[in-house]
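The next block holds one structure in the form of structure tokens; read it before the comments.
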Amino acid sequence: MSASMHVVCPQCDQVNRIAADRPAAQAVCGRCQAQLFQGRPVELDAKRFEKHVARSDLPLIVDFWAPWCGPCRAMAPVFERAAKDLEPRARFVKVNVDENPEAAARFGVRGIPALFALQHGKVAAQQAGLADERLLRSWVDSLAPR
11 MSASMHVVCP
21 QCDQVNRIAA
31 DRPAAQAVCG
41 RCQAQLFQGR
51 PVELDAKRFE
61 KHVARSDLPL
71 IVDFWAPWCG
81 PCRAMAPVFE
91 RAAKDLEPRA
101 RFVKVNVDEN
111 PEAAARFGVR
121 GIPALFALQH
131 GKVAAQQAGL
141 ADERLLRSWV
151 DSLAPR
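Add 10 to a position in the sequence shown, counting from 1, and you land on the number used in our numbering.
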């Protein structure tokens with residue numbers, strides 16, 4: 011029997027158990043039938059964010075941002091490329107701090123953009139300000155070796 015992991019659906023937030031060795035393209039949600047790995051960041055509100063933090067076995071790479079923030083907008087394409095290249099080894103999520111201040115407060119976010127790598131709900135790494143794809147890749151490599 012192969013090892014399994016819990017993955018939260020990016021569409022309906024259902025927790026799915028999938029075989030760790032299953033090809034990402036074949037992984038679909040048992041409830042809504044959406045692809046579990048879509049190769050792009052998932053925008054989450056505070057409630058959905060908490061579920062992903064609490065229930066996902068995947069490392070979460072979190073971008074705390076706001077739409078009015080110039081550096082956040084500059085960071086967005088880098089984050090999107092990283093999600094496309096590195097999923098399904100990690101889930102890339104975005105949390106708007108203006109709409110979800112409680113999620114930002116939980117992690118002590120004082121400035122944006124703020125990037126966090128979470129493993130099983132705990133902070134494994136964090137970066138204030140802009141980051142490049144190389145940093146995001148190094149986080150994923152350390153949390154989810156190939």
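Backbone N, C-alpha and C define an ideal beta-carbon position, used for all residues, glycine too.
Distance cut-off 6 Å: residue i Cβ against heavy atoms of the ligand NAD
i	result
C82	Questions concerning the ligand NAD fall outside what the structure shown contains, since it holds no ligand whatsoever.
According to DSSP, residues forming a beta bridge with residue i
i	result
E53	K104
H16	R27
L128	L70 and V133
W75	N106
Q8	In the structure as shown, the chain starts at 11 and stops at 156, and residue 8 therefore has no counterpart that could be examined.
Which listed residue (the options) has its alpha carbon closest to that of residue i
i	options	result
P111	L54, R32, Q45 and G131	L54
S152	Q129, A141, S66 and L140	Q129
S66	Q136, V18 and L125	V18
E60	D23, K94, A84 and C82	D23
A114	N26, A76 and P69	A76
H16	V119, I122 and P98	P98
Q48	A13, A127, A134 and Q21	Q21
S68	A84, V25, D108 and G80	Looking at the sequence shown, residue 68 is not Ser but Leu. That would be V25, whose Cα lies nearest to the Cα of L68.
R7	A34, I122, A134 and Q43	No information on residue 7 is available, as it lies outside the stretch 11 to 156 that the chain covers here.
W78	S148, D108 and Q43	D108
H62	E143, I28, F102 and R120	F102
Separation of residue j from residue i, as counted between CA atoms
i	j	result
R116	K57	12 Å
G139	A64	25 Å
L125	G131	14 Å
K104	D95	16 Å
P81	A141	10 Å
A127	A34	21 Å
A135	G118	13 Å
Q43	A92	24 Å
N106	W149	22 Å
R147	I28	23 Å
Q45	R120	34 Å
Integer-rounded CB distance, given that residue j should sit under 8 Å from residue i
i	j	result
L145	A100	That belief does not hold up - the Cβ atoms of L145 and A100 are roughly 13 Å apart, past 8 Å.
P51	D31	So it is not a contact: roughly 25 Å between Cβ atoms.
Residue-level contact to chain C via CB, residue i, 7 Å cutoff
i	result
K94	In the displayed structure, chain C is absent; only one protein chain is listed.
(request) Say whether the stretch 78–92 touches the stretch 26–38, bearing in mind that this needs 3 or more beta-carbon pairs closer than 8 Å, one atom from each stretch. (result) no
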